[in-house]
Amino acid sequence: MIRTPLRPLARILQARQRGENPDHIERENLRLRIEAMRDTARARAESRLLVMAGVFLAGFVLIGAQMALLAATEPMAPTPGRTEAISSERADILDRNGRVLATNLTTHALYAETRHMVDPVRAARELGAIFPDIDAARLERQFTDPNRRFVWVRARLSPEQRQAVHDIGEPGLMFGQRKMRIYPNGTLAAHVLGGASFGEQGVRAAEVIGVAGVEHHFDERLRDPALLDRPLQLSLDMTIQAVVTEVLSSGMRMLGARGASAVIMDPHSGEVIALVSLPDFDPNNRPPPPTEGEPADSVLFNRAVQGYYELGSVMKSFTVAQALDDGMLTPDTMVDTRSPMQVGRFRISDFRNYGPQLSATDVIVRSSNVGTARLAQQIGPQSQRDFLDKLGFLSGVPVELAETLRARPLLPGNWSELSAMTISYGHGLTTSPLQLAAGYSTLVNGGYLVTPTLERQPGRGVGEQVISERTSAQMRYMLHQVVERGTASFARIPGYAVGGKTGSADKPKASGGGYYEGKVLATFVGAFPMDNPRYVIAVTLDEPEDTTGSEPRRTAGWTAVPVTGEIVRRIAPLLDLRPRPASEIEQAMQNALAAAR
Amino acid sequence: MSYLEYNVKRMPSGIAKVMHLNWPLVVLVTAVSCIGFLMLHSVAGGSMLPWAEPQMKRFALGLALMFAIAFVPLWFWRSIAGLAYAVSVLLLLGVEFFGTIGMGARRWLELGPIRLQPSELAKITVVMALAAYYDWLDLKRTSHPLWVFLALLIVAIPTLLVLRQPDLGTALLLGLGGVLVIFLAGVSWIYFAVAILGGGGLVFAVMASRGTDWQLLKDYQYRRIDAFLDPSIDPLGAGYHISQAKIAMGSGGWAGRGYMEGTQSRLNFLPEKHTDFIFTTLAEELGFVGASSLLVLYVLIIGFCIFTVLRAATRFGALLSAGVAVTFFLYFFVNMSMVMGLLPVVGVPLPLVSYGGSAMLVLMIAFGLLQSAHVHRPRTPS
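Sequence lines, in order, name chains Y and H.
With the UniProt record's numbering, the residue at position 489 of the first sequence is 489, and numbering never jumps.
With the UniProt record's numbering, the residue at position 145 of the second sequence is 145, and numbering never jumps.
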């Protein structure tokens with residue numbers, strides 16, 4: 001850039017000749033230069049402001065246009081052309097034995113075409129008498145408003161109400177057919193079914209769309225015109241579901257628990273026979289999602305699927321299974337259980353001291369934290385992580401419920417040796433009860449991966465084998481011993497050979513950091529009959545407390561285990577299992593072990 | 001610009017300043033706030049409590065604050081701009097360490113009886129700091145990389161602190177507002193062109209790499225982006241607000257269902273009906289006519305802000321007023337777009353209408369500063 005010099009030599013010389021002080025020339029030029037700079041800056045600022053104003057204007061126009069569009073898209077009276085396309089058809093949902101879980105009922109909606117009304121004032125008054133909750137004065141205003149041609153009066157009518165409206169004799173009052181989704185069993189399997197509500201509404205029909213649960217997951221299939229006469233069959237057994245719900249809710253009440261869940265699964269196919277989460281709700285009248293409080297306290301929350309918790313000692317079986325499978329130990333190998341065990345600044349101790357050594361079987365039977373942590377130390381964090389990943393514990397279990405989309409386990413940020421040790425006894429990794437049931441299915445079914453499903457799929461098999469047949473047989477024996485002589489003796493139902501593992505996890509504080517004293521999540525997960533497991537069951541109780549003794553007992557052995565025992569005692573006969581003599585079961589277990597060796 | 005420079009020019013003083021306020025703006029702000037009181041009254045089912053009455057008290061306090069600030073000479077605000085900025089950054093740091101948690105994020109700071117949301121305060125202090133910075137900076141250096149970097153730093157520090165809370169909506173407004181002020185200050189086009197191209201390129205690279213071997217993000221992160229951009233993927237979560245809001249707005253039609261006749265919002269279909277989503281109630285009850293009237297009021301407010309900007313002869317006054325206009329615009333633009341489904345849901349209130357103390361007071365303070373610039377604008381001697 002060429003600039004005018006501040007002290008042009010020629011002019012200064014001229015000024016000197018005239019005998020003037022040349023300094024004012026420099027001052028004058030400096031002023032001009034600054035003014036020029038200010039002007040450019042000002043021009044630039046104004047052009048920028050102009051651009052900004054343009055952007056503002058574009059924003060205003062955009063918002064205004066969208067406003068007009070939204071105001072115009074849904075006219076008060078649905079246009080006749082569009083209603084033809086609305087289908088309110090929806091296939092039924094059945095349980096595995098063909099009993100109805102969800103079906104449709106035809107009702108009517110009431111609307112008014114004000115142009116055809118003979119006496120709108122009387123019609124409004126009489127409607128007010130039929131429906132006490134309707135504001136008759138407002139209705140009258142709407143009926144007589146010259147700008148309105150169409151008024152929705154009511155979404156659903158009972159047959160009596162419909163007859164009463166007929167009797168008014170007002171030609172402008174019209175009925176539109178509505179299909180209503182009903183769940184004849186009320187709250188039964190509420191969390192699985194979810195619920196439905198009206199979607200797009202027209203005069204003659206309204207879409208029924210699933211808003212949660214299988215209704216949402218299978219929404220397209222249920223509404224597919226080609227499949228309407230083929231009901232969706234779930235893997236649930238309504239009878240079992242009902243019995244489990246009843247026992248679980250009375251157990252929850254007796255133990256003063258905040259909530260509870262239960263899952264029963266076929267370990268050879270992954271089909272879920274029963275899935276209960278309490279407290280529950282009535283899907284016929286699904287409550288709106290809560291706007292305040294913890295979502296996990298809502299009745300809509302499916303504890304068995306969405307609830308990812310630290311489940312405690314039930315996870316020990318996976319550590320022992322991995323150690324067995326890697327050939328690091330046999331059920332009789334002695335494990336160091338000197339308590340407490342010091343790891344850096346962290347101290348691992350047992351519920352009571354079990355002496356210097358326990359056999360691997362007794363580590364599970366007595367539920368020794370120290371013994372399991374020692375095994376995890378030998379396995380190592382990387383190998384443990386890989387094993388749990390293979391079983392699906394790191395990624396969240398897929399099942400046909402909309403709610404599983406966002407539910408994921410909480411993993412440790414850094415899978416250190418210390419976290420490997422705490423994870424080995426169920427702290428530091430969260431798991432849902434459904435996932436736990438799937439994991440135990442793998443432990444007892446011969447070592448094959450299981451993906452849970454809620455859809456009846458005859459002939460569905462299992463996945464890839466991840467632990468050996470031998471390890472699985474050893475695990476079946478150990479889990480049976482837990483019930484026969486260990487922490488889960490209340491689940492000993494003669495003749496049905498129940499086996500499983502208890503877990504009593506302190507609940508983490510909601511504020512983060514530390515655990516509550518005396519607030520426990522009690523879990524029992526097991527299978528029956530143990531010599532050839534046909535069903536896996538997982539029961540959790542949230543903050544149970546058995547107050548029948550001299551001091552409150554909260555551990556799973558006193559809470560989740562007796563509840564599970566009662567469930568098995570009642571459902572085993574319904575599941576066509578015959579009680580067998582103890583000697584026969586013992587013999588079968590021994591044979592399996594011997595064959596595995 | 002110095003104290004002396006101000007007094008050389010003819011400047012109203014004392015009570016005469018009242019005559020020189022930007023009165024149309026005062027009237028407009030009051031009108032919009034009154035619409036807010038009406039809507040809060042309606043949302044509460046025709047009751048002054050729990051929302052309308054506290055909001056009115058806050059507005060009264062805010063109005064007093066606005067006048068008080070308007071009467072203080074602009075040079076004072078310029079000289080404390082740096083201090084105000086530093087204090088707000090310290091408060092944000094305070095939230096980071098001592099803040100209380102509400103609705104899953106750490107946003108509030110308890111100072112005795114007062115519950116303060118420093119992220120709201122930062123919106124105005126960042127604008128003040130930038131205006132003072134460019135007022136101080138030699139014009140020739142405006143586009144020098146070092147000085148551009150410093151300006152960006154002024155914006156980035158509070159933005160990142162707010163982002164950590166996490167409060168995506170406020171961080172977005174803060175960052176975007178700051179960058180727009182820098183743009184208005186006259187920094188070279190090239191920076192903005194490069195930033196837009198670079199940002200676009202980055203977004204393109206991230207999305208294009210999906211499903212390939214060199215995928216830049218984890219799968220679940222992509223799924224989150226999907227759900228953020230298209231809430232209908234997740235109708236029980238983020239999509240719930242939007243679909244309900246759209247139904248409410250559609251049912252309002254042209255003339256609306258009438259004041260206090262809204263069903264969609266009253267029947268508790270909409271969470272946050274008194275805060276971020278209050279516009280749906282308005283649109284349902286007062287229809288397109290009511291909603292577009294509110295928009296017109298907002299347009300007029302912006303218009304009178306720009307009037308002040310054009311009148312201000314000093315760089316500080318002009319940039320400060322422009323910053324206030326930009327912040328205000330972003331507030332309602334983002335809120336309305338979000339409610340009408342043009343933008344993903346981020347938590348931004350509707351200015352002067354949504355229930356909320358910090359936002360209302362901060363906006364009134366901002367208008368007070370703009371009024372101060374208006375009152376104390378240099379006038380040519382008559």
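Glycine is no exception: its CB is placed at the ideal position from the N, C-alpha and C atoms.
CB contact below 8 Å: residue i versus chain Y
i             : result
residue 19/H  : no
residue 123/H : no
residue 137/H : no
residue 292/H : yes
residue 246/H : yes
residue 348/H : no
residue 384/H : With chain H represented from 1 up to 382, any question about residue 384/H goes unanswered, as that position is not in the structure.
residue 337/H : yes
residue 172/H : no
residue 254/H : yes
residue 287/H : yes
residue 351/H : no
residue 195/H : no
residue 250/H : yes
residue 97/H  : no
residue 318/H : yes
Cross-strand partners of residue i (DSSP beta bridge)
i             : result
residue 504/Y : 522/Y
residue 357/Y : 336/Y
residue 21/H  : Residue 21/H pairs with nothing; no bridge assigned.
residue 179/Y : 106/Y
is_contact[residue i, chain H] using C-beta, thresh 8 Å
i            : result
residue 79/Y : With a pLDDT of 36 at residue 79/Y, under the threshold of 50, the predicted position of this residue should be treated as unreliable, though the coordinate-derived value follows. No, no contact with chain H.
residue 56/Y : yes
residue 83/Y : Any reading at residue 83/Y needs caution, since the residue's pLDDT is 38, under 50, leaving its predicted position unreliable; the model's value is listed next. So, not an interface residue.
residue 60/Y : yes
residue 44/Y : yes
residue 37/Y : yes
8 Å contact criterion, which residue i and residue j should meet: CB distance rounded
i             : j             : result
residue 92/H  : residue 150/H : Rounded, the Cβ-Cβ distance is 19 Å, inconsistent with contact.
residue 55/H  : residue 74/H  : No, residue 55/H and residue 74/H are not in contact; Cβ-Cβ is about 30 Å, not under 8 Å.
residue 157/Y : residue 107/Y : 6 Å
residue 236/Y : residue 275/Y : 7 Å
residue 148/Y : residue 142/Y : 6 Å
residue 426/Y : residue 314/Y : 6 Å
residue 191/Y : residue 297/Y : Not quite, the Cβ-Cβ distance comes to about 15 Å (not below 8 Å), so this is no contact.
residue 416/Y : residue 373/Y : Contact flag wrong, Cβ pair sits at about 13 Å.
CB of residue i within 8 Å of CB of residue j, strictly
i             : j             : result
residue 540/Y : residue 522/Y : yes
residue 451/Y : residue 533/Y : no
residue 84/H  : residue 128/H : yes
residue 333/Y : residue 376/Y : no
residue 449/Y : residue 442/Y : yes
residue 174/H : residue 95/H  : no
residue 570/Y : residue 263/Y : no
residue 364/H : residue 116/H : no
residue 563/Y : residue 502/Y : no
residue 494/Y : residue 592/Y : no
residue 318/H : residue 325/H : no
Partner residues on chain H for residue i, Cβ-Cβ distance less than 8 Å
i            : result
residue 49/Y : 184, 306, 309, 310 and 322
Partners in chain H for residue i, counting only beta-carbon separations shorter than 9 Å
i             : result
residue 306/Y : Per Cβ cutoff of 9 Å: no residues; residue 306/Y is ~11 Å from chain H at best.
residue 41/Y  : 139, 142, 186 and 315
Partner residues on chain Y for residue i, Cβ-Cβ distance less than 9 Å
i             : result
residue 340/H : 63, 66, 67, 69 and 70
residue 180/H : 52 and 55
Per-residue contacts from residue i into chain H (C-beta, under 7 Å)
i            : result
residue 53/Y : 306
Under 7 Å from the C-beta of residue i: neighbouring residues of chain Y
i             : result
residue 299/H : 60
Amino acids of chain Y, ordered along the chain, whose beta-carbon sits closer than 8 Å to that of residue i
i             : result
residue 295/H : 60, 63, 64 and 67
residue 277/H : Those within 8 Å of residue 277/H in chain Y number zero; the least Cβ separation is about 11 Å.
residue 329/H : 56 and 59
residue 190/H : The contacting residues do not exist; residue 190/H stays about 14 Å from chain Y at best.
residue 204/H : Here the premise fails: no neighbours, minimum Cβ distance about 23 Å.
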